[in-house]
Structures are given as C-alpha cells and as structure tokens.
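Colleague: Sequential numbering from 94 applies to the sequence shown in our numbering.
Note that the Cβ used here is the ideal one computed from N, Cα and C, for glycine as well.
I have a structure here, written as structure tokens, and I will follow up with some questions on it.
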Amino acid sequence: MRRSFIAGNWKLNLTNAESRELASQLVTNLSDVNDRDIVIAPVFTSLTIVAEVIKNSPIQLAAQNCYSQTTGAFTGEVSPILLKDVGCNYVILGHSERRQLMNETDTFINEKLLKALDTGLSPILCIGETLQERENNQMLDVLGRQVKGGLDNLTAAQLTDVVIAYEPIWAIGTGKTATNEQAQEAHSFIRGLVREMFNQDVADKIRILYGGSVKPNNVDGLMAQADIDGALVGGASLKAEDFIRIVRFERGKAK
Ligand code: PEP
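Right, here's the structure in full:
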C-alpha cells in the first residue's frame, strides 16, 4: 500500500502574515491526521515563518523550485541546501508554469532533481500535456519524454524519494478536472514507464499525484482510482476549509 500524499502549492500568493494564518488553521484542523502525508509549499520568503508554525505537526514543508547548484555566483537563485536548512523536506520541480513561463527544459529539471536528491530533499516532479497535445494524440509521447528526461541518471534506490505529479496543463487553474478515467489512464501509463526504466518494485512504490483543479467535490473520486496516490492542489489549497476537506478525502464516498 502506498501512503497517500496531499500537497498544496500556494504559488505566488500570500504575505508572511497571511501564510502564518493559513498554516495555523491547517495545524489546528489537521493535527490528528497521521495516515497520509500532508505538504504545503509557500513562497520562498514565507518558508521560515511557516516552518515555525508547522513544527511538531504532521504538516511538512516544500519549496516551489530550487536551483541546480549549491553555492556560488548565481544571483537570485536558491539552492536545495538552503531549502533543507529552513526546514523543507520536498521541492516541487518542473511545474508547468515554470516549463512554460521560464522555458525550463527536461534537462535542466533533471539537473535540479539530481541536486535536490544529493542534498536530501525529495523532489515532486511535475509532468503533463497541453490540450493541443492531448487532442493531437501526443499525450503519451509528451509524458514519456518528461518522465524519461526528468528521471534520467537516477538509480532505482534514489527513485524511492521521488514523487511524480501528473498535471494536465488544460486542467490547471481552469476548473476543468480530468475525469477519473482520464487521470487513471495517465497514471497507469506513467507507472508503466517507471517499471520499464527501473523495475517492478520501484514502480509499485512510487507515488503519483494528480493535479488540476482538485476540489473537495472531486477528490474522493480521483483518490478512488488504483494508480492515484494523492493530489497536488493549487487554488483550493489557499482556502483552509477546502484544503482540509481534500486532505481528509474519503475513497468510500467517491461518486
Ligand atoms: C497546480 O498549480 O499545481 C494546480 C494543480 O493548480 P489548480 O489546483 O489551481 O488547478
């Protein structure tokens, strides 16, 4: 059985005071949850404050990005060592917004992922196709390229620290969720790729999250799918009540 994993990506939102308030509400309402991983990813400037608030709670900290080098003349970048130092256990890499807006390539994402692993940070590798790619039947090629590129040069042992997030770009922030069947089909394909690249044991253990307009009213159905192990939540993670309900998903209530 894979342990479920619910992560909130706060993106470029919330001041320090707002981050503190949201994190406090999550701590108050999720302290009893011990059968699933709960992760939140605030902006860099709020990491230290949020780390303090979630200390001694089941909630863990993620950064939304990192650089591929640890120190040096890289103005404006943040290294995995510094993220570990402020209390992060995870780092989101290859989010579609970074792939599209900052032109991040699979090679660069792979360099960052290897550096994160070297430092003891667990990467959450995001992959996903555009609507056009899906309509042109290129979805499997795109996912194949992103999985192979992102996980290049990793050993099977390193893969146990990696989480993959399948996020169809057409579903992110649009209110359009993939159907349970569409999401399951992609997740099963991704798990198959991991099996081909590594082995059955690693494929059975790796957690694959779904992301793209996950809300309280669709999480139960998504989580009831065999290969969906969790969710990466954007918009709904900014509302305490919604994120709490998503963390408390109930497979048995799936419609
Ligand atoms: C995301 O940005 O990772 C995401 C899934 O966003 P949303 O839930 O808002 O679609």
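Between the beta-carbon of residue 224 and the beta-carbon of residue 273, is there less than 8 Å?
Modeller: Cβ atoms of residue 224 and residue 273: not closer than 8 Å.
Colleague: Exposed or buried, what is residue 94 when buried is set at 16 or more other beta-carbons lying within 10 Å of its beta-carbon?
Modeller: With fewer than 16 Cβ atoms within 10 Å of its Cβ, residue 94 is classed as exposed.
Colleague: Can you list the alpha helix (DSSP H) stretches of 4 or more residues lying completely in the segment 156-188, in chain order?
Modeller: Here the runs fully enclosed are 173-178.
Colleague: Using a threshold of 7 Å, is the CB atom of residue 250 nearer than that to any non-hydrogen atom of the ligand PEP?
Modeller: Checking every heavy atom of the ligand PEP against the Cβ of residue 250, none is found closer than 7 Å.
Colleague: For the putative contact between residue 327 and residue 243, defined by C-beta atoms under 8 Å, what is the C-beta separation to the nearest angstrom?
Modeller: Actually they do not touch by this definition, with Cβ atoms about 20 Å apart.
Colleague: Any heavy atom of the ligand PEP closer than 7 Å to the Cβ of residue 104?
Modeller: Checking every heavy atom of the ligand PEP against the Cβ of residue 104, one is found closer than 7 Å.
Colleague: So, under 8 Å CB-CB, residue 336 and residue 175 are touching, yes? Tell me the CB distance rounded to an integer number of Å.
Modeller: Rounded, the Cβ-Cβ distance is 26 Å, inconsistent with contact.
Colleague: Closest to residue 210 by C-alpha separation, out of 268, 220, 163 and 123, would be which residue?
Modeller: Nearest C-alpha to residue 210: 163.
Colleague: Does residue 195 pass the burial test, meaning 16 or more other C-beta atoms within 10 Å, or should it be called exposed?
Modeller: By the neighbour-count rule (16 or more Cβ atoms within 10 Å), residue 195 is not buried but exposed.
Colleague: Check whether the Cβ of residue 371 sits closer than 7 Å to any heavy atom of the ligand PEP, and report yes or no.
Modeller: Nothing about residue 371 can be reported from this structure: the residues present for the chain run from 94 to 348 only.
Colleague: Residue 116 and residue 133 - do their beta-carbons sit closer together than 8 Å?
Modeller: Yes, these two residues count as a Cβ contact at 8 Å.
Colleague: My guess is that residue 107 and residue 139 are in contact by the Cβ rule of under 8 Å, so how many angstroms apart are they, rounded?
Modeller: Confirmed, about 7 Å.
Colleague: Checking 8 Å against the spacing of the C-beta atoms, do residue 339 and residue 185 come in under that value?
Modeller: Not in contact: residue 339 and residue 185 (Cβ atoms no closer than 8 Å).
Colleague: Do residue 305 and residue 271 have their beta-carbon atoms positioned less than 8 Å apart in this structure?
Modeller: Yes.
Colleague: Quick check on DSSP: helix, strand or coil for residue 310?
Modeller: Residue state, collapsed to three classes: coil.
Colleague: Under the DSSP definition of a beta bridge, which residues are partnered with residue 300?
Modeller: DSSP lists 256 as partners of residue 300.
Colleague: Is residue 321 helix, strand or coil when you go by DSSP?
Modeller: In this structure, residue 321 counts as coil in the three-state DSSP scheme.
Colleague: Using only CA atoms, which one of 250, 317, 241 and 152 lies nearest to residue 284?
Modeller: Ranking the options by Cα distance to residue 284, first place goes to 241.
Colleague: Is residue 136 helix, strand or coil when you go by DSSP?
Modeller: Coil, per DSSP.
Colleague: Residues bridged to residue 154 by DSSP?
Modeller: 133 and 181.
Colleague: DSSP three-state call for residue 327: helix, strand or coil?
Modeller: In the structure shown, residue 327 sits in coil (DSSP, three-state: anything other than H, G, I, E or B).
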